[in-house]
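In the working numbering, the protein residues as written are 45 to 617.
C-beta atoms are modelled at their ideal positions from N, C-alpha and C, and glycine is treated no differently.
Notes follow the structure.
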Amino acid sequence: MINNLDVGTVLVEELTRFGVTQFIISPGSRSTPLTVAIGRHTNANTTVHYDERGAAFYALGHARATGIPAVLVCTSGTAVANYFPAVIEASMDNVPLIIISADRPPELIDVGANQAIFQQDIYGVYPRLALNLPPPDSKTSLPDLLSQIDALYDASTGNRPGPVHLNCQFREPLLPDIAHSTDDVLLETDWYRSNSRFTDQAEQAQPLPTDKLQLVATNFMASRRGLIVVGRSVNSRCNQDILQLAETLHLPVLPDIQSKLRFTSHTQIVNHFDLALLSDEFQQLKPDFMIQLGGVFSSKRLLNYLDDPDIYYVSVKETPERIDPNHQVNISIQANVVDFCQNMVSLDSRQNDQWLKSWQDAEKRTALSVTSLLNDQPQLSEPGISYQLSKLLPSQHALMLANSMSIREMEMFGAAGDFQGDIFANRGSSGIDGLLATAAGYGSGSAGPVTLLIGDLACLHDLNSLQLIKMAEHAIIMVVVNNDGGGIFSFLPVQAETDVFEPFFGTPHGLTLKHAASMFDLNYSNPKDMDEFLIAYSEATQQSEPILIELFTNRTENHHFHQQIFESLRESS
């Protein structure tokens, strides 16, 4: 008869046959059969972290870097609930993730038993698939167990990747009373001898819809001011085909900050589109046709600019979810982005060349203004930090941008240059939780160094994950902008409500991260001006150890400086 440990052994063995090798475990008792099976498997790489929330974001980061689901394992009770924020992020941003939770048996649920909660379907609508595995008994079938594992993997890595959940109920004793051998149960089966997955995998090819392509072509030929927006989740393998399409059709390209095109110098690319849109010129003259490639983009200014029913809006992405926050998409196409670009490149362009030139002139003008304003600025400022960091980033680093101000500052002020590394952020649900852990997981998955630009509140929110940073095998440079609270709220209308703004929105904390770095035995630096920051960061890129670089700024001064920059850019346009 299959017992608890057999279940764990089968799970781990089948998952490793898919190439799933990273298991992140949080210690607990009810998950003993799973943990023992993982610990004994020669192909299982393990990370142990005591905080389930941080463990989950670590798994998310690892999966972002590899494209292969990482496996989370925890005990019963609220441990399972602590995975929820990362499950939401993985679901919203199509990141494959496998959650295996241990649970009490049915007779201990809803009777007041210790550490027993309702775990089945705990993540609601967010998993691609959620299964409940009853406690093993004489009726437990190995083929049924294997088919469920295969279904979970396929759901996690299918045409819309995302999280899956297997809830495993175990009765005591959690491990066999005597020394256990799987010889009779597993080793003599055809499955074990085959060394391959139990079931066949279905094909997932997405053919180009010819009827929709014809509509796109017809409307493009009737347009005069076309635009290409590259959102997140567009693989860098598509870049050359996107640029070829833009060149052939004479279209400007507006790349989201998470696109590797964002830091590319090319005649069609408008890297500073967010700032260029401050100009009245573009507010008065809008596109009549646009193609959005990939997922959501970060710029709210661009979103507002494109909110116009007179724009014929084409959305092309490789996953099936709806991307249409303005409710204006005319045609949505799920297809390979490269195939789409290669199909459209044969069209004859009737675009207004002055339209393209206007965007090209705006890019040159804005880039020169940003350089003039920020290049020689001696004091620390949040725009200046992003600008200088973008010029210093080594291409072997990945760049992670935290939410709130960090990603917005880099989108606006990052300079195009030689950086060729990966750029990523947790923009599925745009939370500030788990960002340190995500950076650590990404570094583990990519087997390379990571630079993280993050604010003080987001860093404080995930302090436990400094332990994961400390364990990293490759350097993680944390550039923490400490403006003593929530800087983004200074840019929102609520900042005018002075009686409630500081205690409820600005939320000053008066803390420094120096002692947190010391607690986790991390290197620490606190540059006082821009020159010191440039030296500290450059030195950090030459080291293999993690470091926390804390930069103090002032929220009020930062808001005023932004307004000065915006006004200067408007005057120069």
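Assuming residue i is part of the beta strand (DSSP E), what are its boundary residues?
i	result
Gln213	Pro207 to Gln213
Phe67	Gln66 to Ile69
Asp147	Leu141 to Asp147
Glu638	Residue numbering for the chain in the displayed model covers 45 to 617; residue 638 lies beyond these limits and cannot be assessed.
Tyr170	Counting along the chain, Tyr170 falls outside any beta strand (DSSP E), and DSSP gives it neither H nor E.
Gln336	Phe333 to Leu337
Ser359	Tyr356 to Lys361
Ile520	Ile520 to Asn526
Val274	Gly270 to Val274
Thr79	Thr79 -> not in any beta strand (DSSP E); alpha helix (DSSP H) instead, spanning Thr76 to Arg84.
Leu436	No beta strand (DSSP E) contains Leu436, which is instead part of the alpha helix (DSSP H) from Glu426 to Leu436.
Ala199	Segment Leu186 to Ser200 is the alpha helix (DSSP H) holding Ala199; no beta strand (DSSP E) there.
Take the Cβ of residue i as the centre, count every other Cβ of all protein chains shown within 10 Å, and call the residue buried at 16 or more, exposed below.
i	result
Gln423	exposed
Glu4	With the chain covering only 45 through 617, there is no way to say anything about residue 4.
Leu445	buried
Val117	buried
Arg268	exposed
Arg237	exposed
Phe605	buried
Gly168	exposed
Leu281	The residue asked about is misnamed: residue 281 is Arg in this sequence, not Leu. Arg281 comes out exposed.
Asn315	buried
Thr600	exposed
Pro251	exposed
Ser359	buried
Val544	exposed
Gln302	buried
Ile579	exposed
Lys361	buried
Asn447	buried
Asn602	buried
Thr53	buried
His505	buried
Thr597	buried
Met265	exposed
Met574	buried
Please say whether residue j and residue i have beta carbons closer to each other than 8 Å?
i	j	result
Ser343	Glu455	yes
Ala584	Ile498	no
Ile451	Val525	no
Phe384	Ile377	yes
Gly472	Asp137	yes
Gly530	Leu501	yes
Phe62	Ile82	no
Pro493	His441	yes
Thr122	Ser75	no
Leu443	Leu436	no
Pro364	Arg204	yes
Val381	Leu346	no
Leu49	Ala103	no
Tyr197	Leu433	no
Gly485	Phe128	no
Leu218	Pro71	no
Arg276	Asp255	no
Ile609	Pro427	yes
Leu557	Phe577	no
What residue range does the alpha helix (DSSP H) around residue i cover?
i	result
Glu594	No alpha helix (DSSP H) contains Glu594, which is instead part of the beta strand (DSSP E) from Ile591 to Phe596.
Lys344	Lys344 to Tyr349
Lys304	Where Lys304 is concerned, there is no enclosing alpha helix (DSSP H), given that its DSSP letter is neither H nor E.
Met456	Met449 to Phe457
Ala320	Phe317 to Ala320
Gln378	Not the alpha helix (DSSP H): Gln378 falls in the beta strand (DSSP E), residues Ile375 to Gln378.
Met388	Val381 to Met388
Gly45	The sequence given here places Met at residue 45; Gly does not occur at that position. Premise fails: Met45 is in no alpha helix (DSSP H) and is neither H nor E.
Val260	Thr254 to Met265
Ile609	Arg599 to Ser616
| query | Per the contact definition of three or more C-beta pairs closer than 8 Å, is the stretch 475 to 484 in contact with the stretch 126 to 141? | reply | yes
| task | Could you say if the stretch 457 to 468 and the stretch 83 to 98 meet the contact criterion of at least three C-beta pairs nearer than 8 Å? | result | Contact between the stretch 457 to 468 and the stretch 83 to 98 is absent, with fewer than three C-beta pairs closer than 8 Å.
| query | At a cut of 8 Å, does the stretch 318 to 332 reach the stretch 361 to 376 through at least three beta carbon pairs? | reply | At 8 Å Cβ cutoff, the stretches do not touch.
| task | Flag this pair as touching only if the stretch 315 to 330 and the stretch 605 to 615 have three or more C-beta atom pairs under 8 Å; answer yes or no. | result | yes
| message | Report the start-end ranges of each beta strand (DSSP E) in the stretch 93 to 157 that is 3 residues or longer and not cut off at the edges. | response | For the stretch 93 to 157, whole beta strand (DSSP E) runs of length 3 or above, ordered along the chain, are 114 to 118 and 141 to 147.
| query | Contact between the stretch 201 to 215 and the stretch 159 to 177: three or more CB pairs below 8 Å? | reply | yes
| message | What ranges does the beta strand (DSSP E) occupy inside the stretch 544 to 578, keeping only unbroken runs of at least 3 residues that lie completely in it? | response | Runs of the beta strand (DSSP E) spanning 3 or more residues and lying entirely within the stretch 544 to 578 occur at 567 to 569, in chain order.
| Counting pairs of beta carbons, one from the stretch 90 to 97 and one from the stretch 500 to 518, are three or more of them closer than 8 Å? | yes
| query | Does the count of Cβ pairs from the stretch 101 to 113 and the stretch 489 to 498 closer than 8 Å reach three? | reply | yes
| request: Specify whether the stretch 558 to 573 and the stretch 401 to 414 touch according to this definition: at least 3 beta carbon pairs, one from each stretch, less than 8 Å apart. | output: no
| Touching or not, the stretch 304 to 311 and the stretch 274 to 289, by the rule of three or more beta carbon pairs under 8 Å? | yes
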